[in-house]
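Just so we're aligned: the sequence shown equals residues 8 to 133 in our numbering. All residues carry an ideal CB built from backbone N, CA and C; glycine is no exception. Computed from a prediction, not measured in an experiment: that's the story for all the values here. To start, the structure under review is shown below, and the notes come after it.
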Amino acid sequence: MRPVEHFLSDLNKRFQNKEPLEDGLTTDRLFVAFSSLVTPHLGLQGSEELFKYWKDSYTSQDVPDYLRLGYIAAFIVNEYDESSMTLSREDLEEIRDTLSSLADEMHIDTLTTLMAELVSRGLLDQ
């Protein structure tokens, strides 16, 4: 099982078990798992920005949208399956904004690949 598949499986269990997001250790462990996937591509700052976006956007309901966090990670690691994973336009715009803010610090191949995915969805020139 690839790391992103393992992460999605863990998130799906959290969602199915209706686990609330708690501050502290639970949130830290979730961030560490997310960060271990995303940091090699975006750096720690990018991981923190996207995790904070997810936390601010998707944890206000009783059961957070855990899978959305996994889909964001899958997009970043180039394992996103548009037919089975749902990211909103706002999610993709946040990814675009994060990439733009980190462009000078990212590996050019990673930046090019991710920006090409955003261009294919019509999200670059906004």
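Original post:
In or out: E89 buried (at least 16 other Cβ within 10 Å) or exposed?
Top reply: Position 82 of the sequence shown holds residue 89. That one is exposed.
**OP:** Alpha carbon to alpha carbon, how far is Y87 from F38? Give it in angstroms, no decimals.
**Re:** Position 31 of the sequence shown, counted from the start, is the residue given in the question as residue 38. Position 80 of the sequence shown, counted from the start, is the residue given in the question as residue 87. Straight-line spacing of the CA atoms in F38 and Y87 works out to 19 Å.
Original post:
Among residues of its own chain, excluding the 5 on either side of T117, which ones have a beta-carbon nearer than 6 Å to its beta-carbon?
Top reply: Along the sequence shown, one-based indexing puts residue 117 at 110. Same-chain partners within the cutoff: H48.
**OP:** Quick one: grab the DSSP three-state call for A40.
**Re:** The count along the sequence shown starts at 1 and reaches residue 40 at position 33. Per DSSP, reduced to three states, the secondary structure at A40 is helical.
Original post:
Can you tell which of G31, G53, L99, R103 has its C-alpha closest to the C-alpha of Y78?
Top reply: The residue given as residue 78 occupies position 71 in the sequence shown. Measuring from the Cα of Y78, the nearest candidate turns out to be L99.
Subject >> Contact under 9 Å by Cβ, P27 with V70 >> reply: Residue 27 sits at position 20 when you count from the first residue of the sequence shown. Residue 70 sits at position 63 when you count from the first residue of the sequence shown. The answer is yes: Cβ separation under 9 Å.
Original post:
Do you know offhand how far D111's Cα is from T105's?
Top reply: Here the question's residue 111 lines up with position 104 in the sequence shown. Here the question's residue 105 lines up with position 98 in the sequence shown. Computed Cα separation, rounded: 12 Å.
Subject >> Per-residue burial, V126 [other beta carbons within 10 Å of its own, 16 or more giving buried] >> reply: If you number the sequence shown from 1, residue 126 lands on position 119. For V126, the number of other beta carbons within 10 angstroms of its own is below 16, and it is reported as exposed.
**OP:** Taking the CB atoms as reference points, tell me whether A80 and L44 lie closer together than 9 Å.
**Re:** Reading the sequence shown from its first residue, position 73 is the one you call residue 80. Reading the sequence shown from its first residue, position 37 is the one you call residue 44. Yes, Cβ-Cβ distance for A80 and L44 is below 9 Å.
Original post:
Which value, in whole angstroms, describes the spacing of the CA atoms of Q23 and G53?
Top reply: Within the sequence shown, numbered from 1, the residue matching residue 23 stands at position 16. Within the sequence shown, numbered from 1, the residue matching residue 53 stands at position 46. Straight-line measurement puts the Cα of G53 at about 28 Å from the Cα of Q23.
Original post:
Which of helix, strand or coil does DSSP assign to T46?
Top reply: On the sequence shown, position 39 is the one that residue 46 refers to. Correct three-state label for T46: helix.
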